[in-house]
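A.B. asks:
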Amino acid sequence: VSHILNILNKLISWPDIQNSDNQEILQNIIRSIADRISGDSKQKKNSTTQDEDLQQAFRYLSQFGNSIPQSTTAVLLFKILQRLMTFSGQASANLKRDALGVVKQIISTGWFDWRDIRKDIQFLFEQYIELSKNPLEVLHDIVNRVLPAFEEEQSLKEYPLLREDTLINHYQATFDMLKDTDQEAEVVLLQTSQIVKAFERITNYVKTKENKSLLGILLKTSRTYIEQFTKHSIPYFTGIFKAHSNSVLAIFKDFQTTTRMLQIICSHVKVQKEVQLSSYVPPLKKALEIVIYQVKMLLTENRIPSSAFFMGALKHRDMRGAEISSQVS
Numbered sequence: 010v011s012h013i014l015n016i017l018n019k020l021i022s023w024p025d026i027q028n029s030d031n032q033e034i035l036q037n038i039i040r041s042i043a044d045r046i047s048g049d050s051k052q053k054k055n056s057t058t059q060d061e062d063l064q065q066a067f068r069y070l071s072q073f074g075n076s077i078p079q080s081t082t083a084v085l086l087f088k089i090l091q092r093l094m095t096f097s098g099q100a101s102a103n104l105k106r107d108a109l110g111v112v113k114q115i116i117s118t119g120w121f122d123w124r125d126i127r128k129d130i131q132f133l134f135e136q137y138i139e140l141s142k143n144p145l146e147v148l149h150d151i152v153n154r155v156l157p158a159f160e161e162e163q164s165l166k167e168y169p170l171l172r173e174d175t176l177i178n179h180y181q182a183t184f185d186m187l188k189d190t191d192q193e194a195e196v197v198l199l200q201t202s203q204i205v206k207a208f209e210r211i212t213n214y215v216k217t218k219e220n221k222s223l224l225g226i227l228l229k230t231s232r233t234y235i236e237q238f239t240k241h242s243i244p245y246f247t248g249i250f251k252a253h254s255n256s257v258l259a260i261f262k263d264f265q266t267t268t269r270m271l272q273i274i275c276s277h278v279k280v281q282k283e284v285q286l287s288s289y290v291p292p293l294k295k296a297l298e299i300v301i302y303q304v305k306m307l308l309t310e311n312r313i314p315s316s317a318f319f320m321g322a323l324k325h326r327d328m329r330g331a332e333i334s335s336q337v338s
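Quick note: to get the numbering used here, add 9 to the position in the sequence shown (first position is 1).
1. Do you know offhand how far A296's Cα is from R68's?
2. Taking just the CA atoms, how far does E135 sit from H179?
3. Tell me whether L170 is buried or exposed, calling it buried when 16 or more other Cβ atoms sit within 10 Å of its Cβ.
4. Which of the three DSSP states, helix, strand or coil, is assigned to P292?
5. Applying the 10 Å Cβ sphere with the 16-neighbour rule, what's the burial state of V10?
6. Which residue wins for smallest C-alpha separation from Q203, given the options K240, F96, N143?
7. Under the assumption that C275 contacts L258 (Cβ atoms under 8 Å), give the Cβ distance between them as a whole number of angstroms.
8. If you reduce the DSSP assignment to three classes, tell me which class D60 lands in.
9. Within its chain, find whatever has a CB closer than 8 Å to the CB of L287; leave out the 5 residues flanking it on each side and keep chain order.
10. Assign E195 to one of three DSSP states: helix, strand, or coil.
11. Would you kindly report the start and end of the unbroken alpha helix (DSSP H) that includes L228?
12. Can you give the Cα-Cα distance for F238 and I21, rounded to whole angstroms?
13. For D62 versus A83, is the C-beta distance shorter than 8 Å?
14. Taking Cβ to Cβ, would you say S80 is nearer than 8 Å to D122?
15. Between M186, L140, W120, which has its C-alpha nearest E421's C-alpha?
16. Please identify the residue among T247, E209, E310, I226 whose C-alpha is closest to the C-alpha of D263.
17. Using beta-carbon positions only, say whether V152 and L165 come within less than 8 Å of one another.
18. Shortest alpha-carbon distance to R371 belongs to which of I273, K113, I299, T247?
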């Protein structure tokens, strides 16, 4: 099976396969797979569209997700399905559902050769979230239930790939999805609130762990998340503030908790002279300064007292919140 999938993957991954000169080749590849379900009939050759053939081919390949014995072959199958989705223009709900079934099967299987796909774990976890019917709900569940449960039990039957030595991969996937969730200014207040709360929860967790690898991921991805918040959410909030001031202020207060924790972490990195982490601090602090200014401007323009949202200079504290006597320049 792995040899067949390798050949198929190379064929459909050919950069020129979608060129107009090669459309017939692509259609023949897809149709030959589809015929494994529908039956190879010359009468059917011109009676189905490429999208219909693609749906059939996709369904045929997806059914192998439950019977593949090796993790590397299962990942290859999923990547083939992902490539096939690009041929449909806008992937249909059926294609996404079948692809989700395959990736979910992969991350919920206790593979004997799991180390061979370690480099793919972050990618698989991100795809599991992204293909879900409600990605934000899945993300919220992972942050608030799955990761804390793993920390307490050190293993989870539903996520066997989540292990002590793959924890970084899972956190990186979670951070990446958090920072990419709010791409459109039109995102609803409820979604924004959930994202902010999730980021607050995961930031607090990483702060308490004091793990260098996790701190590095947090410092790097937090800057992108805050920049997205500044670029998309602040302008949106400005436009709807008068009608939804209480909801926006509630989001700002949750967001403030996260920014304070990030300031504490930045101070900790400087005090401890963590060379590997210190390069992430200046761009993160700049992003923090910009978002603080933007929030204050929004509140001032709407005559909200500064007591409603205060993000002034903090005393330098260690990771546990204890004040540090010597100030860090």
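Note that CB positions come from ideal geometry on N, CA and C, so glycine has one too.
Note that the structure is a prediction, hence the values are computed from the model and not measured.
C.D. replies: In short, the structure shows the following:
1. 46 Å
2. 9 Å
3. buried
4. helix
5. If you draw a 10 Å sphere on the C-beta of V10, you find fewer than 16 other C-beta atoms in it, and that means exposed.
6. The shortest C-alpha separation from Q203 is found at N143.
7. That belief does not hold up - the Cβ atoms of C275 and L258 are roughly 25 Å apart, past 8 Å.
8. helix
9. The question names Leu, but residue 287 is Ser in the sequence shown. Here the set comprises V278, K279.
10. Residue confidence is low: E195 scores 49 on pLDDT, short of 50, so the model does not pin down where it sits. Its coordinate-derived value is still stated next. Note: E195 maps to coil in three-state DSSP.
11. From DSSP, the alpha helix (DSSP H) with L228 extends over 221-237.
12. 38 Å
13. no
14. yes
15. As displayed, the chain neither begins before 10 nor continues past 338, which places residue 421 out of reach and without an answer.
16. A check of alpha carbon separations from D263 across T247, E209, E310, I226 identifies E209 as the nearest.
17. no
18. Absent from the model: residue 371. The displayed extent of the chain is 10 to 338, so no value can be given.
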